[in-house]
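Numbering (our numbering), first residue to last: 113 to 448. Built from N, CA and C at the ideal position, the CB exists for glycine as well. Please read the structure below before turning to the comments.
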């Protein structure tokens with residue numbers, strides 16, 4: 113196994129198939145090493161490998177790229193691996209050895225929370241929620257080609273904008289609600305896709321008045337930033353529920369999520385101080401866990417609430433926000 117240092121990044125050659133010397137820069141030691149110098153170069157490498165396999169059906173060498181991070185408190189080295197496979201894909205391998213195909217932020221994209229971006233040294237420090245399907249009015253691009261619109265959005269810093277294969281451009285004037293022959297419930301062009309209901313718009317399409325361009329938008333966050341965002345959003349949602357349930361005194365303290373330890377997708381639970389006592393509350397998969405720490409009067413939540421749900425003397429599971437509000441209101445009223 114061969115290791116090659118590239119600043120703070122190193123890679124090793126190996127994998128399921130023997131390494132074969134290649135004249136292609138994106139598939140040999142020298143080419144990979146050169147393109148580990150910065151994030152923009154790294155993405156050029158990934159793109160070249162992807163194109164080589166998808167368009168030319170090349171079988172590529174496998175590379176393992178390692179970036180040493182900080183130490184754990186017990187002095188075990190914390191590191192992660194990137195694997196460039198023979199099919200032009202990139203995988204991230206965590207400290208437990210679990211591998212997942214990854215989608216790295218580019219050098220242009222900025223974190224919506226802190227406004228800072230990424231480089232080759234902190235490329236592993238990211239979380240990306242699911243992509244969103246968005247529609248962008250294109251009046252400012254009238255007279256230009258669709259591919260020109262794509263080029264402009266490719267330089268945006270608030271996320272990565274990807275052009276879909278279908279349903280690329282819409283315009284109300286193309287709407288045709290005529291029933292599709294043989295399919296009574298379907299229309300010829302219900303959404304006004306260009307040039308037809310499949311929406312496989314030519315990249316050379318000239319943008320006209322009323323055109324709306326579709327994108328898949330994906331945002332990237334630093335891990336700690338994402339944790340701050342989901343905690344802030346969840347705290348705001350719980351505050352609203354407590355207020356709707358009639359509570360006047362509400363203060364939150366974040367505590368560890370007692371169901372899911374993945375802090376980048378699951379928000380903290382909350383310890384809530386109110387006028388009737390203290391509660392612990394937080395999402396537990398599809399239910400909201402409500403736990404009474406102490407109250408001014410003796411309560412039995414299992415007896416107080418008749419719903420057939422998981423419950424006990426001091427706790428109950430609410431299936432959704434409406435039930436959460438209902439249970440919190442009953443708890444408050446029982447203490448008054």
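Among residues of its own chain, excluding the 5 on either side of residue i, which ones have a beta-carbon nearer than 6 Å to its beta-carbon?
{"i": "residue 432", "result": "none"}
{"i": "residue 223", "result": "333, 334, 337"}
{"i": "residue 274", "result": "328"}
{"i": "residue 390", "result": "405, 406"}
{"i": "residue 422", "result": "429"}
{"i": "residue 198", "result": "171, 172, 174"}
{"i": "residue 316", "result": "257"}
{"i": "residue 217", "result": "230, 238, 332"}
{"i": "residue 443", "result": "none"}
Could you please give me the residues that DSSP links to residue i through a beta bridge?
{"i": "residue 288", "result": "301"}
{"i": "residue 214", "result": "In DSSP, residue 214 forms no bridge with anything."}
{"i": "residue 386", "result": "362, 389"}
{"i": "residue 427", "result": "403"}
{"i": "residue 253", "result": "DSSP lists no partner for residue 253."}
{"i": "residue 326", "result": "247"}
{"i": "residue 295", "result": "292"}
Spatial neighbours of residue i within its chain, please: C-beta separation below 8 Å, excluding the five flanking residues on both sides.
{"i": "residue 340", "result": "225"}
{"i": "residue 450", "result": "Nothing about residue 450 can be read from this structure; the chain reaches only from 113 to 448."}
{"i": "residue 446", "result": "409, 411, 416"}
{"i": "residue 187", "result": "Bear in mind that a pLDDT of 35 at residue 187, under 50, signals an unreliable position, so the number given afterwards is only what the model happens to contain. Cβ neighbours of residue 187 beyond the five flanking positions: none."}
{"i": "residue 214", "result": "194, 202, 203, 204"}
What is the residue span of the beta strand (DSSP E) that residue i lies within?
{"i": "residue 272", "result": "272–274"}
{"i": "residue 247", "result": "244–249"}
{"i": "residue 404", "result": "399–407"}
{"i": "residue 277", "result": "Premise fails: residue 277 is in no beta strand (DSSP E) and is neither H nor E."}
{"i": "residue 204", "result": "202–205"}
Can you tell me the Cβ-Cβ gap for residue i and residue j, rounded? I've got them flagged as a contact below 8 Å.
{"i": "residue 376", "j": "residue 221", "result": "Actually they are not in contact, since the Cβ atoms of residue 376 and residue 221 sit about 17 Å apart, beyond 8 Å."}
{"i": "residue 360", "j": "residue 387", "result": "6 Å"}
{"i": "residue 330", "j": "residue 210", "result": "No, residue 330 and residue 210 are not in contact; Cβ-Cβ is about 22 Å, not under 8 Å."}
{"i": "residue 326", "j": "residue 379", "result": "Not a contact, Cβ separation roughly 31 Å."}
{"i": "residue 232", "j": "residue 323", "result": "Between residue 323 and residue 232 the Cβ distance is about 38 Å, and since that is not below 8 Å, they are no contact."}
{"i": "residue 371", "j": "residue 344", "result": "About 20 Å; that fails the 8 Å criterion."}
Got a sec? Which residues, its chain only, sit under 7 Å from residue i by beta carbon, not counting five neighbours each side?
{"i": "residue 138", "result": "157, 160, 161, 164"}
{"i": "residue 441", "result": "357, 358"}
{"i": "residue 299", "result": "288, 289, 290, 291, 292"}
{"i": "residue 321", "result": "251, 254"}
{"i": "residue 318", "result": "255, 257"}
{"i": "residue 301", "result": "286, 287, 288, 308, 309"}
At what residues does the alpha helix (DSSP H) containing residue i begin and finish?
{"i": "residue 225", "result": "Careful: residue 225 lies outside any alpha helix (DSSP H) and carries neither H nor E."}
{"i": "residue 432", "result": "No alpha helix (DSSP H) contains residue 432, which DSSP labels as neither H nor E."}
{"i": "residue 353", "result": "335–356"}
{"i": "residue 219", "result": "Note, residue 219: premise wrong, no alpha helix (DSSP H); not H, not E."}
{"i": "residue 156", "result": "151–168"}
Could you tell me whether the Cβ of residue i comes closer than 9 Å to any Cβ of chain C?
{"i": "residue 161", "result": "As a matter of chain content, chain C is missing from the structure shown, which is built from one protein chain."}
So, does the region 269–289 touch the region 304–311, judging by three or more C-beta pairs under 8 Å? Judged by Cβ distances under 8 Å, the region 269–289 makes contact with the region 304–311, as three or more pairs qualify.
Three or more C-beta pairs below 8 Å linking the region 284–303 and the region 336–354: The region 284–303 is not in contact with the region 336–354.
Between the region 361–374 and the region 247–256, can you find at least three pairs of beta-carbon atoms closer than 8 Å? The answer is no - the region 361–374 does not touch the region 247–256, with fewer than three Cβ pairs under 8 Å.
Okay, do the region 416–433 and the region 396–404 touch, 3+ Cβ pairs below 8 Å being the bar? A contact exists between the region 416–433 and the region 396–404.
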